[in-house]
Amino acid sequence: MSNQRPGKYQSKAMFNDNGSMLRQVINFAKEAEKLLEEKGEEDSAFYFGQLKDWLVDNPGKGFNEKTHRILGL
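For the sequence shown, my numbering begins at 24 and goes up steadily by one.
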C-alpha cells in the first residue's frame, strides 16, 4: 500500500480540444494579419500579429493576460 496521493489527471480529449481551438485562433490571426497587410491596413495587421505572436510564445497563458499587455499598448 502506498502513501502517495494520486496525481492530477487531465483527459486527453480535453487537451486536444483546447489545443485545436488555440491553433484555430492562431491561424485566424495569422491569416487576418496577411490579408490586412495586402489591403494596406498595416496598423490593424500589426495588432493581429501581436496577438498571434503572444499565443504562439505563451500557449499556456492564452487570454488570461490583460488585453493591453498582449497588444503591447
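Ideal placement from N, C-alpha and C gives every residue a C-beta, glycine not left out.
Tell me the residue span of the alpha helix (DSSP H) that contains Leu78. 65 to 80
If you follow the alpha helix (DSSP H) that Leu94 is in, where does it begin and where does it stop? 90 to 94
What is the rounded straight-line gap between the Cα of Asp80 and the Cα of Ile49? 11 Å
Quick one: grab the DSSP three-state call for Arg28. coil
Answer with buried or exposed for Lys75, where buried requires no fewer than 16 other C-beta atoms within 10 angstroms of its C-beta. buried
Could you check the C-alpha separation between Asn39 and Gly85 for me, to the nearest Å? The predicted position of Asn39 is uncertain, since its pLDDT is 47 and thus under 50; a value taken from the coordinates is nonetheless stated next. Going from the Cα of Asn39 to the Cα of Gly85 covers about 15 Å.
Got a sec? Which residues, its chain only, sit under 8 Å from Leu78 by beta carbon, not counting five neighbours each side? Leu45, Val48, Ile49, Ala52, Gly85
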